[in-house]
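Asker: Just dropping this structure here.
Residue numbers (full-length UniProt numbering): 1 to 191.
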């Protein structure tokens with residue numbers, strides 16, 4: 001989907017249930033849009049420029065996507081549970097997060113022995129983008145809630161995140177620490 005001068009363009013394919021979902025939602029909301037049929041064998045929005053975000057090998061790509069999905073589906077929601085809880089509930093939620101991170105650590109070690117799936121050489125890779133965009137803010141989260149979430153219980157994860165934080169592109173792109181702490185603190189007070 002693309003927006004131009006107040007106009008919405010939905011790129012899709014007629015047989016895609018996902019495109020149908022978006023079309024239905026736009027119609028329900030009364031948002032006018034232009035539908036553009038996309039030939040999936042000749043995608044218009046695909047860039048073949050370097051650097052590549054995913055490995056060339058299909059099996060390695062699948063493993064990177066698996067762990068990115070694990071992070072998004074298991075670990076990210078656990079942060080929201082921590083935010084919404086207090087006292088004993090929060091302690092349990094933090095322990096649950098630690099266990100999820102342990103599974104992540106062990107899986108990465110097993111699937112990528114002796115290499116970092118977070119970087120493609122010296123450049124950030126897809127998994128580095130997924131993890132870094134979220135986890136590199138851990139110190140702001142810790143400061144806002146007054147509890148250490150990523151600790152020595154998960155040393156590998158902590159070292160990976162700290163390596164990602166050293167990436168200049170990450171530093172340029174992450175939200176400012178103080179501003180994020182203020183926003184998270186305000187959100188906590190409103191719950």
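The C-beta atom is built at its ideal place from N, Cα and C for all residues, glycine as well.
Would you tell me roughly how many angstroms separate the C-alpha atoms of residue 188 and residue 83, rounded to the nearest one?
Answerer: Taking the straight line from one Cα to the other gives about 7 Å.
Asker: Excluding five sequence neighbours on each side, which residues of the same chain lie with their C-beta closer than 7 Å to the C-beta of residue 143?
Answerer: 181.
Asker: Could you tell me the distance, in whole angstroms, from the CA atom of residue 5 to the CA atom of residue 42?
Answerer: A caution first: residue 5 carries a pLDDT of 49, below 50, which makes its placement in the model too unreliable to give a value.
Asker: Answer yes or no: do residue 147 and residue 94 have a C-beta to C-beta separation smaller than 8 Å?
Answerer: Closer than 8 Å, so yes.
Asker: Can you tell me which residues form a DSSP beta bridge with residue 36?
Answerer: Partner(s): 11.
Asker: Could you pull the DSSP bridge partners for residue 119 from this structure?
Answerer: Paired residue(s): 124.
Asker: Go to residue 19, then tell me how far its alpha helix (DSSP H) extends in each direction, as first and last residue.
Answerer: Here the alpha helix (DSSP H) through residue 19 covers 17 to 29.
Asker: Taking residue 126 as the reference, give the member of 62, 10, 34 and 110 with the closest Cα.
Answerer: Looking at the Cα atoms, 62 is the closest of the given residues.
Asker: Which of the three DSSP states, helix, strand or coil, is assigned to residue 191?
Answerer: Residue state, collapsed to three classes: coil.
Asker: Between residue 65 and the rest of its own chain, which residues show a CB-CB distance below 8 Å, the 5 nearest in sequence each way excluded?
Answerer: The residues are 54 and 126.
Asker: On a Cα-Cα basis, can you pick out the residue from 27, 74, 21 and 137 that is closest to residue 174?
Answerer: For residue 174, the nearest C-alpha among the options comes from 137.
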